[in-house]
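Here the structure is laid out as structure tokens; the discussion comes afterwards.
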Amino acid sequence: MNKMQWKNLLSAKRLGSDAPGTIKLERSPFQRDFDRVIFSGAFRRLQNKTQVFPLVQEDYVRTRLTHSLETSSIGRSLGTAAGVFLKENYDLGEAQISDVGAIVATAALSHDIGNPPLGHAGEEAIRFWFTSSEVAKALHSELTPEQARDIEFYEGNAQGFRVLSVLEMADQLGGMQLTCATLGSFAKYPSTSASEIKPPGVAGKKFNFFNAEKGLFAEVAANCGLIEYGPYSYARHPLAYLVEAADDIAYLAVDFEDGARLGMISQDEVETRYLGLLPDPSVASHLGNITNPVRRTEYLRALVIGALVREASQFFCEHCEEILAGGLGKPLTELLSCTPQLKEIRKRSEEMIYNNRKVAEIISAGFEMVSGMLDVFVPSVNELAAEKTGKGKASYRSRRMGALVTDITEKLNDPVWCNDPYARLLSVMDFISGMTDSYAVSIYRKLKGITL
6 MNKMQWKNLL SAKRLGSDAP GTIKLERSPF QRDFDRVIFS GAFRRLQNKT
56 QVFPLVQEDY VRTRLTHSLE TSSIGRSLGT AAGVFLKENY DLGEAQISDV
106 GAIVATAALS HDIGNPPLGH AGEEAIRFWF TSSEVAKALH SELTPEQARD
156 IEFYEGNAQG FRVLSVLEMA DQLGGMQLTC ATLGSFAKYP STSASEIKPP
206 GVAGKKFNFF NAEKGLFAEV AANCGLIEYG PYSYARHPLA YLVEAADDIA
256 YLAVDFEDGA RLGMISQDEV ETRYLGLLPD PSVASHLGNI TNPVRRTEYL
306 RALVIGALVR EASQFFCEHC EEILAGGLGK PLTELLSCTP QLKEIRKRSE
356 EMIYNNRKVA EIISAGFEMV SGMLDVFVPS VNELAAEKTG KGKASYRSRR
406 MGALVTDITE KLNDPVWCND PYARLLSVMD FISGMTDSYA VSIYRKLKGI
456 TL
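Using my numbering, you'd call the opening residue of the sequence shown number 6 and step up by one each time.
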């Protein structure tokens, strides 16, 4: 099998644009990608979306916004370190070392941009709704098997690609029109939900674009020269491994810190496990000079992130040829010398943080909230579309609900959309996934008559 080529992988071609991709030293297209994402409405809404602790009142713990910024910072370091190696050993075309860092930083900045309210629980709620709700079951016969799989196995990753390539700057083909290099690096699971041949290893665990956007990702893959395993199934862009590593490093190190701050894990355990990732004996002696427990944790967390970044970038360089052939089936964080210690931190986080009673109570309520909104909005939108096309009559209730989803009802003037149940369903998913946690709670309480 042919190997991917870096001069293609670092494509500056913008999705949906006919203009050739050109790289200028004073401000590269990859830096512009970063700016487009960070000033987008979808990114801004991450400030009120759950990272781990939903609707938390503490002003210290991370939201999706702060997590994304931290992941992006780690990604830039990983990408820049890898860029030095790549510039010395491969033909990068016009791209520079800093461009590699900018690409990874932007893809990492965007990695959660499609997540619905209440984090991964929001994804699970949508999947559960589609297989259990009577409203959803009535829709199954109207969808193709491929379309049904998109909702049955709903993915925030695929919603993220949709946000970047369709929903933001929706008046132009390609949405934000980010570079193909950035969009390729964003896709950790480059296939559709229905691809018969999945990418091997970790890249095949999930999917990264809906049936509706498969043509857009095919353009990304073609410009980057990604290996194709089957229809709409591709090898990972090599830089996606660094994006994944940045996310893994951020949440493994930082969630533990937040858990200690909220009293879910003891300060002693956090320090002990952090020190287990740092072989330098001088760290422990220096730690003795810091008396404030918060500062002690922050000091150790910073050292841990630095150590993990250095080792992960080293392993990326060592496995570069294997990655270019589409052959690495594991995340970089599973190749590190400290992998056993990281797995213990992950295990303890699941026991003490992710499954904490307070977190579980809110997540469980959120499960009902997302399902409840879908039960209301999906039939209302369908009734309005049927009335518009002369196939039925919308109830008074559906007309009132339409006033809450003006972004969707604007589409009622499009007869193609009105006659496409899949497009209508995706529009409702877009609306709900775009909600912040607090807005979702507010809307749900009004729908149920709890508040007016």
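Glycine included, each C-beta is placed from N, C-alpha and C at the ideal position.
Reduced DSSP category for residue i - H, G, I as helix; E, B as strand; rest coil
i      : result
Arg241 : coil
Arg37  : helix
Ser146 : helix
Thr441 : coil
Arg5   : Summary: the structure shown does not reach residue 5, with the chain confined to residues 6 through 457, and so no result is reported for it.
Ser196 : strand
Thr184 : strand
Thr414 : helix
Thr55  : strand
Phe372 : helix
Ser342 : coil
Phe261 : helix
Pro204 : coil
Asp380 : helix
Val32  : Here residue 32 turns out to be Arg, not Val, going by the sequence shown. It is coil, neither helix nor strand.
Asn387 : helix
Asp117 : coil
Ala330 : coil
Ala408 : coil
Met357 : helix
Span separating the alpha-carbon of residue i from that of residue j
i      : j      : result
Ile368 : Arg69  : 15 Å
Val375 : Arg50  : 17 Å
Ser403 : Asp425 : 18 Å
Val109 : Phe158 : 27 Å
Val421 : Gly454 : 34 Å
Gly306 : Ser196 : Just to set this straight, residue 306 is Arg in the shown sequence, not Gly. Whole-angstrom Cα-Cα distance: 35 Å.
Gly209 : Val314 : 25 Å
Glu262 : Thr71  : 14 Å
Val299 : Gln272 : 9 Å
Glu274 : Ser115 : 32 Å
Val364 : Arg353 : 15 Å
Gln177 : Arg167 : 13 Å
Phe48  : Val42  : 7 Å
Gly165 : Gly220 : 16 Å
Ile102 : Tyr256 : 26 Å
Met406 : Glu139 : 19 Å
Gly235 : Pro204 : 9 Å
Glu326 : Arg301 : 40 Å
Asn297 : Ala265 : 13 Å
Ala17  : Glu160 : 27 Å
Start and end residues, alpha helix (DSSP H) containing residue i
i      : result
Gly80  : 69-94
Ala399 : From DSSP, Ala399 is part of no alpha helix (DSSP H); its letter is neither H nor E.
His534 : Outside the displayed range of the chain (6 to 457) lies residue 534, so it cannot be described from this structure.
Thr111 : 102-114
Glu274 : 272-280
Gly311 : 298-323
Gln164 : 161-167
Lys12  : 11-14
Within 7 Å, strictly: CB atoms of residue i and residue j
i      : j      : result
Leu83  : Ser318 : yes
Ile310 : Ala258 : yes
Asp435 : Lys54  : no
Gly179 : Gly46  : no
Ala217 : Arg154 : no
Ala126 : Gly439 : no
Thr76  : Ala113 : yes
Asn213 : Ala163 : yes
Pro243 : Ile328 : yes
Ser432 : Ile413 : yes
Leu389 : Ala399 : yes
Asp260 : Thr338 : no
Gly334 : Gly206 : yes
Ser78  : Asp117 : no
Cys423 : Phe90  : no
Lys393 : Leu430 : no
Gly230 : Asn387 : no
Trp134 : Ala141 : yes
Met357 : Met269 : yes
Gly88  : Ala251 : no
Ser33  : Asp104 : yes
Leu340 : Phe320 : yes
Enclosing beta strand (DSSP E) for residue i [first to last residue]
i      : result
Gly46  : Gly46 -> not in any beta strand (DSSP E); alpha helix (DSSP H) instead, spanning 46-49.
Gly235 : 233-235
Residue i beta carbon near the ligand MG (any heavy atom closer than 6 Å)
i      : result
Leu431 : Ligands displayed in this structure: none; no statement on the ligand MG is therefore possible.
Contact with chain D by residue i, beta-carbon distance below 7 Å
i      : result
Ser342 : Structure shown: chain D not included; a single protein chain is present.
So, do the segment 128-138 and the segment 370-388 have three or more beta carbon pairs nearer to each other than 8 Å?
yes
So, does the segment 20-29 touch the segment 190-197, judging by three or more C-beta pairs under 8 Å?
no
Using 8 Å as the threshold, is the segment 210-230 in touch with the segment 273-292, meaning 3 or more CB pairs across them?
no
With a cut-off of 8 Å, do at least 3 Cβ pairs link the segment 101-118 to the segment 179-189?
yes
Should the segment 285-296 be called in touch with the segment 111-126, which here means at least 3 C-beta pairs below 8 Å?
no
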